[in-house]
Amino acid sequence: MKITTAITTKDGNVYWGQELWLQQHGIKYHKNVGSKHSCTVAYNMAIERFLREDKDNEYLALLNNDVGLNDAAFGLWTLGGDLLYCGAPAETAQGHFGDGDLWAGCMRASRRLLERMSALRQPPWFHRPMNPIGTELFGCDCQYFMEGARQAGITSKMVTSVEHWVRVLAGYDKSGRRTYRQPGADK
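Heads up, the sequence shown is in my numbering, so the first residue is 22 and it goes up one at a time.
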């Protein structure tokens, strides 16, 4: 299988654990820097680049730069299917889990699906739903993509679940014990 792997990032950084995992599994990738405000832009940029430049590859894998991959996630690069993903907690209360759902932060789509979606409805492939006057977001961009995939006759298959890497500050308290905290968590 010929797969392009794009890491979607707002700031150009890739967490060291993800980079190490990809290297250990022999997966080459490129960073796809999108808007500092939205992964949605990075997803669309990655798809557009893949369809325009990577003509020899049949699949595109998208990874948010904070995804904590596990060994079962390697199925994203080895299993067959037009639309695979790894489930994860997300903006929605229940997260994204199970066949027929989708989380864009760790997914793989076939060129065939992306081209079919492009023919059925004008890109963007990902879009953040808003109320009619654009003052409130609702739902998530993953749902918009899944609607397009369903229109193209494709449903998703969940490979496994993954987690998010988070930044922590490590230090010592007054008694000398090791401490960890998320930046901004005390605000």
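Just so you know, even glycine gets a beta-carbon here, dropped at the ideal spot from N, CA and C. Every value quoted in this text rests on a predicted model; they were computed, and no experiment measured them.
Counting only the Cα atoms, LYS31 lies some 23 Å from LEU135.
For GLU184, the secondary structure class from DSSP, reduced to helix, strand or coil, is strand. VAL62 is bridged by DSSP to nothing; it lacks a bridge partner. In the assembly as shown, PHE159 is an exposed residue. Its beta-carbon has fewer than 16 other beta-carbons within 10 Å. Per DSSP, the continuous beta strand (DSSP E) segment holding GLY108 begins and ends at 104-108. Taking a C-beta distance under 8 Å as the contact criterion, LEU83 and SER177 do not qualify as a contact pair. The bridge partners DSSP lists for LEU83 are ALA27 and MET128.
Beta-carbon to beta-carbon, ASN53 and ILE28 are separated by about 7 Å, close enough to satisfy the 8 Å threshold. For GLN39 against ASN86, the beta-carbon gap comes to about 7 Å, under 8 Å, which counts as contact. Taken through DSSP and simplified to helix, strand or coil, TYR193 comes out as strand. Judged by DSSP secondary structure, GLU40 falls within the alpha helix (DSSP H) whose first and last residues are 37-45. Around the beta carbon of MET179, a 10 Å sphere encloses 16 or more other beta carbons of the protein chains shown; the residue is thus reported as buried.
Annotated three-state conformation of THR156 is coil, per DSSP. Between ASP103 and ARG142 a beta carbon distance of about 17 Å is seen, past the 8 Å cut, so the two are scored as non-contacting. Boundaries of the alpha helix (DSSP H) around PHE166: 162-172.
Between the C-alpha atoms of GLU69 and GLN164 there is a straight-line separation of about 19 Å.
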